[in-house]
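Residue numbers (this note's numbering): 32 to 162.
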């Protein structure tokens, strides 16, 4: 198994299957693809100290979020987007390059925050932000 750190350092494999076909994948492709899998997100969410600290830092500082627009780059499952929305942000935009964004959209919808949170798939350098 190749870790994101190895991939970013160029130590990962050079070829793989992607989207049902074979071909070359860049280190960036491997890096972003590694975040498409549930395991890494599950690990981060199960890190209770990390997750609760993020939540508390937002909830206990609502004055920094109330009425503001928040941008979450690399939003993953959307957990930080939802914390920002709960802290009073008027609008939250989450950007995610990996396929996990499809699950994030469902999570946001099930938490009834889709009227505040917009999720955009793509690289931050290339996406167009919603109004």
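Note that the Cβ used here is the ideal one computed from N, Cα and C, for glycine as well.
This structure is a prediction, so every number in the text was calculated from the model and none was measured.
Worksheet item: So, is residue 88 buried or exposed, given that buried needs 16 or more other C-beta atoms within 10 angstroms?
Response: In the chain shown, counting from the first residue as 1, residue 88 sits at position 57. When all chains shown are included, residue 88 counts as exposed.
Discussion item. Restricting to runs no shorter than 3 residues, where is the beta strand (DSSP E) found entirely within the region 135 to 160?
Written reply: Complete beta strand (DSSP E) runs here, min 3: 148 to 152.
Worksheet item: Closest to residue 153 by CA distance: which of 96, 120, 116 and 103 is it?
Response: By 1-based counting over the chain shown, the position of residue 153 is 122. Of 96, 120, 116 and 103, the smallest CA-CA separation from residue 153 is found for 103.
Discussion item. Helix, strand or coil for residue 79? Go by DSSP, reduced to three states.
Written reply: Here the question's residue 79 lines up with position 48 in the chain shown. Collapsing the DSSP output to three states places residue 79 in a helix.
Worksheet item: Should residue 108 go down as buried or exposed, given a rule of 16 or more other Cβ atoms within 10 Å for buried?
Response: Counted from its first residue, the chain shown places residue 108 at position 77. So residue 108 counts as buried.
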